[in-house]
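Below is one structure; the comments refer to it alone.
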Amino acid sequence: MIRFGLHWLIFCKSFQKVAAIPVAFLISDNREYFWSGNGNGNGYEDVINNYINNKGNNNDDNDDDDVLFIPPGIIVIASLCSCVMAIALVVGMISVANDIISRFKPVALTTDEPGSFDDEQTMLEEDNRALVELTPNEQELYFQAKDFMKLNPIDRSDLTLSQALSIEEKGVSAWEFKPNINAFREIQVVNKSEINFNQTLPGSELSIQTNIPIPRVNDVYYFECKIYTLPNPENTIISLGIATSPYPFFRLPGRHRFSIAYDSNGDRRFNQPFKLENKNGLKIFPELEVADVVGIGYRTQSGTIFFTRNGKKLSESKIGGHIKGFRPTKIYPTIGSTNKCCVHVNMGQAGFVFIEGNVKKWGFAPLEGKGLPPPAYKAFNEDVLLESSSEYSDGDEEFPPDFWDATKASFTDTENGGDENYTLNSLPRDPPLYTSDEEELSGEIREGSSRDLEHLGRIEDNDVDDEGDTADGEDNSDDED
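Residue numbers -20 to -1, 1 to 461, in mature numbering (1 follows the signal peptide of the UniProt record, and there is no 0), belong to the letters of the sequence shown in order.
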């Protein structure tokens, strides 16, 4: 220990003698002389000088008092290691102290994720801010949306069996945008993903969501929105984003909790119904025009949301980077607008403008599902009868013999020929005319209708009545005689 300390003194003497004072004090035999010296206050210097002089005058190789010389580089490395260990020890002590303090620190409740406890103080602050910063119309929409979300809690259930089967059978075609029942007249959907906003009152906010949420099976999911028509861009704000469901249909996405949106004026909204600032998303994106394509990507593991425009990924470094940790149970693509426009959404049914989305297959589902195709229909004579009903085969005995082979009846008393098809309207309404009553009474009955028989019956009845009257008259005449 003393020898190592002396070598340390030799090294330190070349740079700074002050650093050698602690070691010189340890190896000094006369502690009082170390501090006082010879009256000049150079006690530790004398100790160092005496050791160096004795080391230089000692030429005996076999002397047991020789000290092994340690190179200065090793001493420097050892010093650095000791410093690192000291720093690590200090950091460890600080972390332990922070843990102890955090144990006794009160828990802060937040509403950053669905299902967490509500921070009433934060809600009250937002309400007070709404009363101060928002216009009366905006205040009404804000509080209506707040009541809507209270009455309609967030859906945190898993996919239903019908939704899962629909995705498996139809693929990406299972997703379609469905407007709220209160806004079906002002929002029309064509081909499941072509959204037409037809507001009768300009400036009124409307939004629409898909019927099925974004899956969570793969690592990344991505969809794109193309602005197809924009008649009045100065007075129209289109919001393209994602949100939980149910979301207020009379509000744009990004204005309330658990929603994110890219506005057509260049703003990025994240749970923000108030006026934006440069630090929270004001004008960080380019403004949108007709034919622009905006992409929205969602990383399921980290909860990261990123945006693209016309095939290029947008940077959000000015406001701290992409949104991370956004992991609600279920999120839905959400499109909103304040005026008439048309937006087409591509969830994987066509190629993406963003090349990486095509290469890595970031669509919601395969283009075609796994449903069985319909059977192939061939010519009738190639079909094979596997099973038939015995209803008709067992009832052959109910009909007379040779019933199905009987020839059709033919009529010969027609004026237009025997090949004419008869109907009720083609039969004559009146009975046929006869030349004389004698022919009818001769006993020869020709083919005719039932009215002919009735006519003959009336003639016979009249004849009988006439004969009866004649006989009565003869009887009466005899009585008179």
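By construction, the Cβ of each residue, glycine as well, lies at the ideal position given by its N, Cα and C atoms.
Host beta strand (DSSP E) of residue i (start-end)
{"i": "P313", "result": "312 to 317"}
{"i": "Q189", "result": "186 to 190"}
{"i": "R249", "result": "248 to 250"}
{"i": "R289", "result": "284 to 289"}
{"i": "I207", "result": "200 to 209"}
Same chain, Cβ closer than 7 Å to residue i, neighbours up to 5 away in sequence not counted
{"i": "N290", "result": "D272, V273, V333"}
{"i": "E267", "result": "S244, N245, G246"}
{"i": "G221", "result": "P233, G234, S239, I240, A241, Y242, I276, T314"}
{"i": "L262", "result": "D247, L256"}
{"i": "L294", "result": "F265, F287, T288"}
{"i": "F128", "result": "P228"}
{"i": "K298", "result": "I264"}
{"i": "H302", "result": "T284, I285, F286, E296"}
{"i": "T140", "result": "none"}
Opening and closing residue of the alpha helix (DSSP H) in which residue i lies
{"i": "G275", "result": "G275 -> not in any alpha helix (DSSP H); beta strand (DSSP E) instead, spanning 273 to 279."}
{"i": "N117", "result": "116 to 131"}
{"i": "S142", "result": "141 to 150"}
{"i": "T102", "result": "100 to 113"}
{"i": "N338", "result": "335 to 339"}
Own chain partners of residue i with C-beta closer than 8 Å, once the 5 adjacent residues on each side are dropped
{"i": "L347", "result": "G151, V152, G328, Q329"}
{"i": "D199", "result": "R279, T280, Q281"}
{"i": "G19", "result": "The predicted position of G19 is uncertain, since its pLDDT is 47 and thus under 50; a value taken from the coordinates is nonetheless stated next. Taken in chain order, the list of residues that qualify is empty."}
{"i": "M73", "result": "none"}
{"i": "N215", "result": "P182, G183, T318, N319"}
{"i": "D135", "result": "T224, S225, P226, T309, K310"}
{"i": "T180", "result": "E166"}
{"i": "Q119", "result": "A110, L111"}
{"i": "Q124", "result": "P228, F230"}
{"i": "E100", "result": "none"}
{"i": "N338", "result": "G331, F332"}
{"i": "E156", "result": "V169, K172, S173, T190, N191"}
Residues bridged to residue i [DSSP beta-bridge criterion]
{"i": "D243", "result": "S219"}
{"i": "residue 507", "result": "Any answer about residue 507 is impossible in this case: the structure gives the chain only from -20 up to 461."}
{"i": "I175", "result": "V169, V323"}
{"i": "K259", "result": "Looking at the DSSP assignment, K259 forms no beta bridge with any residue, so it has no partner."}
{"i": "K293", "result": "T288"}
{"i": "T157", "result": "Correcting the residue identity first, residue 157 is Phe in this sequence and not Thr. Bridge partners of F157: T190."}
{"i": "I303", "result": "I285"}
Nonlocal neighbours in the same chain, by C-beta distance under 6 Å from residue i, ignoring five residues either side
{"i": "R235", "result": "P253"}
{"i": "M(-20)", "result": "Confidence is the limiting factor: at M(-20) the pLDDT is only 47, short of 50, which leaves the residue's position unreliable, though a coordinate-based value still follows. Same-chain partners within the cutoff: there are none."}
{"i": "N117", "result": "none"}
{"i": "R307", "result": "G283"}
{"i": "S212", "result": "Before going further, note that residue 212 is Asn rather than Ser in the sequence given. The residues are N319."}
{"i": "D45", "result": "Any answer about D45 is weak, because its pLDDT of 48 lies below 50 and its placement is not dependable; what the coordinates show is given next. Excluding sequence neighbours, D45 sits near nothing in its chain."}
{"i": "residue 467", "result": "For the chain, the structure presents residues -20 to 461; residue 467 sits outside this window and is missing."}
{"i": "A345", "result": "I147, G151, V152"}
Nearest-angstrom Cβ-Cβ length linking residue i and residue j, presumed shorter than 8 Å
{"i": "P193", "j": "K304", "result": "Wrong, their Cβ atoms sit about 20 Å apart, outside the cutoff."}
{"i": "R237", "j": "N260", "result": "Not a contact, Cβ separation roughly 15 Å."}
{"i": "G178", "j": "Q168", "result": "Looking at the sequence shown, residue 178 is not Gly but Asn. The pair is a contact, with the Cβ atoms about 7 Å apart (cut-off 8 Å)."}
{"i": "I218", "j": "C321", "result": "6 Å"}
{"i": "A154", "j": "S142", "result": "About 10 Å; that fails the 8 Å criterion."}
{"i": "S173", "j": "H324", "result": "6 Å"}
{"i": "F265", "j": "F287", "result": "7 Å"}
{"i": "N191", "j": "K158", "result": "5 Å"}
{"i": "N162", "j": "V170", "result": "Not quite, the Cβ-Cβ distance comes to about 20 Å (not below 8 Å), so this is no contact."}
{"i": "W342", "j": "Y201", "result": "6 Å"}
{"i": "L210", "j": "V270", "result": "5 Å"}
Chain B contact for residue i (CB, 8 Å cutoff)
{"i": "P193", "result": "Here there is only one protein chain, and chain B is not present."}
Give a yes or no on contact between the region 304 to 320 and the region 222 to 234, applying the rule of three or more CB pairs nearer than 8 Å.
-> They touch, by the three-pair rule.
Between the region 187 to 206 and the region 275 to 284, are three or more C-beta pairs nearer than 8 Å?
-> Counting Cβ pairs under 8 Å, three or more are found: they touch.
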